[in-house]
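Below: the structure, in structure tokens.
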Amino acid sequence: MGQVVLEASGVGRVYRGTGVAIEVLRDVDLSVAEGQVVCITGASGVGKSTLLHVLGSLDRPDSGTVKIHGRDIHALEGKALDELRCRTIGFVFQFHFLLPEFTALENVMMPQLVAKRTNGDAAKAATRWLERVGLGERLRHRPGELSGGEQQRVAIARALVNNPVVVFADEPTGNLDDETGEAIHRLLRDLASSEQRTFVVVTHKRQFGAHADRMLVLVDKRLSEVEG
4 MGQVVLEASG
14 VGRVYRGTGV
24 AIEVLRDVDL
34 SVAEGQVVCI
44 TGASGVGKST
54 LLHVLGSLDR
64 PDSGTVKIHG
74 RDIHALEGKA
84 LDELRCRTIG
94 FVFQFHFLLP
104 EFTALENVMM
114 PQLVAKRTNG
124 DAAKAATRWL
134 ERVGLGERLR
144 HRPGELSGGE
154 QQRVAIARAL
164 VNNPVVVFAD
174 EPTGNLDDET
184 GEAIHRLLRD
194 LASSEQRTFV
204 VVTHKRQFGA
214 HADRMLVLVD
224 KRLSEVEG
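Using the working numbering, you'd call the opening residue of the sequence shown number 4 and step up by one each time.
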């Protein structure tokens, strides 16, 4: 196993919004190495997205720690946390959240511009990643002119353009038909292998496990490894 890039230890999460404490995660441990694809599955409503949001700094745990490259991400606030999200973490969601008025190229440029890259450098990086995900001929197309699978490829390129340490994907093929979804699964596997990218993917599609290095299941608030 390569260098550990993501490490969660004793993570717990409790929701108290209704006045009743609802425990969603309890003592979750996870270690992910560089270049790995980790698939997390489980029943609907079990807390998979909550876990992904905690791992990706979008939500805070009530207990435990999450470290990326040894740095406790939940010890950060304000500008430091924004900087971490911009430069260290990538996100892909079930709904691609592309800006409809901008082209594929402009959408992928956005994280680079937030990171204060020049327009020229941002366009160069965005072009490279769009070509890498098979959309070199779609640079000037707007989201409404792309298929669902193509839109998700744009979202993947956007997640990777700042060279993040780890990419978190929440049901990335949930809105796609099986054939298109399988192509996205293969793409993530290829990117992990050829580009040494690390992916943590939450999905209800257990067939994605065939493309993952490790498959885990969230049951009774805890993660368990699925063997072979």
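Ideal Cβ placement from N, Cα and C applies to all residues, glycine included.
If residue i and residue j are in contact, beta carbons under 8 Å, what's the gap, nearest whole angstrom?
i	j	result
Arg217	Val31	Actually they are not in contact, since the Cβ atoms of Arg217 and Val31 sit about 15 Å apart, beyond 8 Å.
Phe105	Arg131	In fact, because the Cβ distance is near 18 Å, the residues do not count as touching under 8 Å.
Val117	Val57	In fact, because the Cβ distance is near 23 Å, the residues do not count as touching under 8 Å.
Val8	Ile76	At roughly 12 Å, the Cβ-Cβ gap does not stay under 8 Å, so Val8 and Ile76 are not in contact.
Ala158	Leu133	That pair is no contact at about 11 Å.
Leu191	Gly50	With a Cβ gap of about 22 Å, Leu191 and Gly50 do not count as contacting.
Val169	Ile92	6 Å
Val95	Ala162	5 Å
Gly152	Thr183	4 Å
State the start and end residues of the unbroken beta strand (DSSP E) segment that holds residue i.
i	result
Ile71	66-71
Thr53	Careful: Thr53 lies outside any beta strand (DSSP E), inside the alpha helix (DSSP H) at 51-58.
Val40	40-44
Ile25	25-36
Ala78	Premise fails: Ala78 is in no beta strand (DSSP E) and is neither H nor E.
CB residue i to CB residue j, shorter than 8 Å?
i	j	result
Val136	Arg120	no
Val27	Lys224	yes
Quick one: what does DSSP say residue i is sitting in, helix, strand or coil?
i	result
Phe211	helix
Asp173	strand
Glu230	coil
Val117	helix
Glu153	helix
Val136	coil
I need the boundaries of the alpha helix (DSSP H) containing residue i, first residue and last residue.
i	result
Leu194	181-198
Quiz item: Are there three or more Cβ pairs, one per stretch, closer than 8 Å when the region 170-179 is compared with the region 12-27?
Solution: Fewer than three Cβ pairs drawn from the region 170-179 and the region 12-27 lie within less than 8 Å of each other, which leaves the two stretches out of contact.
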